[in-house]
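Numbering (my numbering), first residue to last: 4 to 215. What follows is a short report on a single structure.
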Amino acid sequence: MNATDAQQGFTLIEVLVALTLMALISLISWRGLETVQHTGERLDERAEETLSLLRALSQIERDILLHAGPDILPGLAAQTPALRSAQTGVQMPPGITWSADTGLSLVRSAGDGRWQQLRWYLNDGRLFRATGSPSYLLPLPQPDTTVVVLEGVRALSVKVWHPTQGWADPSQKVSARPLLRPGAPDLTGLEVAVYRAGPASDQPYRKVVLLP
4 MNATDAQQGF
14 TLIEVLVALT
24 LMALISLISW
34 RGLETVQHTG
44 ERLDERAEET
54 LSLLRALSQI
64 ERDILLHAGP
74 DILPGLAAQT
84 PALRSAQTGV
94 QMPPGITWSA
104 DTGLSLVRSA
114 GDGRWQQLRW
124 YLNDGRLFRA
134 TGSPSYLLPL
144 PQPDTTVVVL
154 EGVRALSVKV
164 WHPTQGWADP
174 SQKVSARPLL
184 RPGAPDLTGL
194 EVAVYRAGPA
204 SDQPYRKVVL
214 LP
């Protein structure tokens, strides 16, 4: 065997180095794929949360747009007990009341000339929608069918828009905003804000509804 034949092929150390490099490349590639997969899963989760939030706000908007007008609930005498609450605060549109404790209560059209009570409220970080059976007659059945619409909710708030006074908190005393007393010009808008739990809990998701 001459010197040239003795130098042919790879040494054991060279083979081990090559295998080590290949293993490192495979590990880095696997880590990269794992990161991409986890990022995709987080994006999918965020997208689903956003879609759930949009569906909830869209349903709230639809409920508000279908609220009973003065021809159905012309005065306090025709309102249900829930709708007579909070009347010491800013006057709300017919068929709509708001309380930070009990949530957003409405009387809305259920189609075919029927009406129903419903309520949006928070409990244990979840946003619920409770509905009553549709009826042709007052008093309407209480909202007793409840579904969870959204998880991970920290707070729910409502504001009303007055043409000359701007945004107002419905729970604010009328004495503080005398121009918003009963008999004042009609409110023209409603803002519903949902605050999610988590790092951005101070940033609300708002839905502004123009009242019919």
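Where is the CB? At the ideal position from N, CA and C, for every residue including glycine. Computed from a prediction, not measured in an experiment: that's the story for all the values here.
Check, Outcome
"Three-state secondary structure assigned by DSSP to G43", "helix"
"For S112, the nearest candidate out of D147, V163, G98 and P142 (CA to CA)", "G98"
"Buried versus exposed, by CB contacts within 10 Å (16 or more), T23", "exposed"
"Beta-bridge pairing of R199 - partner residues as DSSP gives them", "V156"
"Bounding residues of the beta strand (DSSP E) (the contiguous stretch that carries A171)", "G169 to A171"
"Contact set for S204: own chain, Cβ-Cβ below 7 Å, skip 5 residues either direction", "R157 and Y198"
"Start-end ranges of the beta strand (DSSP E) lying completely within the segment 91–133, minimum 3 residues", "99–102, 106–114 and 117–126"
"From A200, P202, G201 and V195, residue whose alpha carbon lies closest to that of V212", "V195"
"Option in N126, F131 and P215 with minimal Cα separation from L193", "P215"
"DSSP state of S138 mapped onto helix, strand, coil", "strand"
"Start and end residues, beta strand (DSSP E) containing P166", "Looking at the DSSP string, P166 is not in any beta strand (DSSP E), and its letter there is neither H nor E."
"Integer Cβ distance of W101 from S174, believed to fall under 8 Å", "7 Å"
"Distance between L190 and H165 (C-alpha atoms, nearest Å)", "5 Å"
"Contact check, F131 vs T149, beta carbons under 9 Å", "yes"
"Residues that DSSP places opposite R209 in a beta bridge", "A196"
"Rounded C-alpha distance that separates D172 from R34", "51 Å"
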